[in-house]
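Okay, structure first, notes after.
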Amino acid sequence: TAPHKSYIAFRYAPPLTPETLEEMKNDGIERAVALTMYPQYSCSTTGSSLNELWKHSKELDPQNKIQWSVIDRWPTHKGLVEVFAQHIEKSLLEYPESERKDVVLLFSAHSLPMSVVNRGDPYPQEVAATVQHVMERLGHSNPFRLIWQSQVGPSAWLGPKTDAVIEGYAKQGKKHLLAVPIAFVSDHVETLFEVDIEYGHLAKEKGIDLRRVESLNADPVFIDALASIVKTHLRSKKPTSTQLPLRCPLCTNEKCGQTKAFFAKQGKSSE
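Under the working numbering, read the sequence shown as residues 19 to 289, first letter to last.
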């Protein structure tokens, strides 16, 4: 399907979304695919980013010269599942064979406030789907749990919390925990600092050997997966997934509905 040109747009670091849109306009781009780097969809991540893209598209491209489609989630793509499984298998080989089967896999994902979850956000289900597919690929070789990190503030969040899980398993006498950042595809503060340093220090205090599976980063298997995702999307000629147009049942943000309608219309008009 080449030739293609790739652009990067960040929410909180340059190049920001409006900067990238300006560059695309100056380059004369007429057809674009928005590919999220969040495998599992949440209104607070991919949804919020698409709201931002829609907002700036209205401002910078009022004539809709750029026709869009969206790859809004890919939690069970076989390439994603495979690269996670390979990284877990590699990490497990670092344990003595006599201890390997007893290593507890902790699939740690960024948590969400329960107020968001209770509106019907699909994120918890999609993260769980990734975990289930990875464990099936591994043949359920080890015990595992899905846990949640990075909670802030006093309100209720998805649990159990990663730090509480470490403390709980310490009380139960577990010695080997292997953290798998299942909702992140690259290293950043929540892997390098929160997991490696903060949780690592806590585990050491509790007498637990906590290790972390290597992030996906630029693994060739992961890069091939991304290429496959884009190729399949282009061939499908679908503007979005079947899920994206559906708002959360208790959605309180009208902007979400407007964003979803915008991308659905843009995709259809580009076919």
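In this text, a Cβ means the ideal position worked out from N, Cα and C, and glycines have one as well.
For residue i, the nearest candidate out of the options (CA to CA)
{"i": "D181", "options": "K255, H128, L78 and H206", "result": "H128"}
{"i": "K96", "options": "E40, M153, A50 and P178", "result": "M153"}
{"i": "G157", "options": "G218, V135 and K119", "result": "K119"}
{"i": "S116", "options": "P199, Q167, H194 and A174", "result": "H194"}
{"i": "S133", "options": "P36, C266 and T64", "result": "C266"}
{"i": "L124", "options": "I247, K179 and T19", "result": "K179"}
{"i": "V51", "options": "Y141, W166, K23 and A174", "result": "K23"}
Residue i (DSSP reduced to helix, strand or coil)
{"i": "P36", "result": "helix"}
{"i": "I247", "result": "helix"}
{"i": "Q85", "result": "strand"}
{"i": "F281", "result": "helix"}
{"i": "L68", "result": "helix"}
{"i": "V51", "result": "strand"}
{"i": "P131", "result": "strand"}
{"i": "S287", "result": "Residue confidence is low: S287 scores 43 on pLDDT, short of 50, so the model does not pin down where it sits. No coordinate-derived value is stated."}
{"i": "N271", "result": "coil"}
8 Å contact criterion, which residue i and residue j should meet: CB distance rounded
{"i": "G138", "j": "L220", "result": "Going by Cβ atoms, the distance from G138 to L220 rounds to 33 Å, so no, they are not a contact pair."}
{"i": "P257", "j": "A279", "result": "About 11 Å separates the two Cβ atoms, so there is no contact after all."}
{"i": "F240", "j": "V99", "result": "In fact, because the Cβ distance is near 11 Å, the residues do not count as touching under 8 Å."}
{"i": "D79", "j": "K43", "result": "6 Å"}
{"i": "Y59", "j": "Q261", "result": "7 Å"}
{"i": "E185", "j": "K224", "result": "6 Å"}
{"i": "L300", "j": "Y217", "result": "Residue 300 lies beyond the range of the chain shown here (19 to 289); nothing can be said about it."}
{"i": "V149", "j": "L130", "result": "With 8 Å as the limit, V149 and L130 do not qualify as a contact, their Cβ atoms being about 16 Å apart."}
Residue range of the unbroken beta strand (DSSP E) whose run includes residue i
{"i": "H128", "result": "V122 to H128"}
{"i": "L228", "result": "D227 to R230"}
Segment limits, alpha helix (DSSP H) that includes residue i
{"i": "A147", "result": "Y141 to R155"}
{"i": "F102", "result": "K96 to L110"}
{"i": "H219", "result": "G218 to E223"}
{"i": "S116", "result": "E115 to R118"}
- Message: Please give me, in chain order, every unbroken run of the alpha helix (DSSP H) with length at least 4 that falls completely inside the segment 162-213.
- Response: 180-189 and 207-210
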